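This report concerns only the one structure given below.
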Amino acid sequence: MTENSPFVVYAPIVISMLSLIVSIITSFANYRLKLRDKKRGEQLDKMQLRLHELQLKREEEDAERRASSMVEAHYVRIGLKEHRIRVSNTGGTTVTNVTCEYNENVGPYAFIQDKEPYERLEPGESFDETIFFADGSPSKFMVKTRWIGEDGKEHGRDNIISV
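Numbering (numbering that gives the first Met the number 0), first residue to last: 0 to 162.
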């Protein structure tokens with residue numbers, strides 16, 4: 000008979016114990032990864048829900064903007080000495096009978112409104128009115144735009160013009 004060497008006797012036991020330790024460590028690591036993935040999945044679901052809410056809100060605002068009418072007036076300088084008030088349809092519907100009003104005592108020296116009332120202004124279109132300034136003319140004044148929307152109602156907006 001031959002004697003078994005200690006290596007032959009203990010090697011299977013050591014290998015089994017190492018396998019058991021590795022499997023315990025792997026199981027623990029997998030459990031932690033699963034918890035982390037679950038937490039990140041919940042965060043991702045919340046983010047996706049918030050994103051969908053924001054997209055829905057943006058679409059509703061765009062639909063509201065497309066369905067509403069808005070006419071704005073802005074100061075535009077052309078060259079060194081020419082000044083204009085640009086009246087623009089920034090809404091999403093066609094407007095009619097567009098006019099501007101301003102207080103002659105608190106405005107430019109002259110505001111030539113030869114294009115008013117502007118009969119029809121499509122979304123994104125604009126027209127310019129000529130203005131002149133003199134010494135002592137205020138650098139900031141109010142222009143009220145008025146128009147009739149597709150709903151047939153008269154609308155208005157106060158526009159602060161700053162030169």
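From the three backbone atoms N, C-alpha and C, an ideal C-beta is built for every residue, glycine too. Remember, it's a predicted structure, so these values are computed and weren't measured experimentally.
Distance, Cα to Cα, residue i vs residue j?
| i | j | result |
| --- | --- | --- |
| Tyr30 | Ile14 | 24 Å |
| Asp44 | Leu50 | 10 Å |
| Ser26 | Gly40 | 21 Å |
| Glu63 | Arg57 | 10 Å |
| Pro122 | Asn102 | 27 Å |
| Arg145 | Leu48 | 41 Å |
| Gly90 | Phe132 | 30 Å |
| Phe237 | Asn88 | One cannot answer for residue 237 here, as it falls past the ends of the chain, which runs 0 to 162. |
On the DSSP bridge list, what partners appear for residue i?
| i | result |
| --- | --- |
| Thr98 | Arg145 |
| Ala66 | Answer is none; Ala66 lacks a bridge partner. |
| Tyr117 | Val97 |
May I ask you to report which of helix, strand or coil DSSP gives residue i?
| i | result |
| --- | --- |
| Leu79 | coil |
| Val86 | strand |
| Ser125 | strand |
| Tyr74 | strand |
| Ser4 | coil |
| Phe110 | strand |
Would you call residue i buried or exposed, if buried means 16 or more other Cβ atoms sit within 10 Å of its Cβ?
| i | result |
| --- | --- |
| Tyr74 | buried |
| Pro116 | exposed |
| Pro107 | buried |
| Leu79 | exposed |
| Asn104 | exposed |
Would residue i pass as an interface residue toward chain D - the criterion being a Cβ-Cβ separation below 9 Å?
| i | result |
| --- | --- |
| Ile14 | In the displayed structure, chain D is absent; only one protein chain is listed. |
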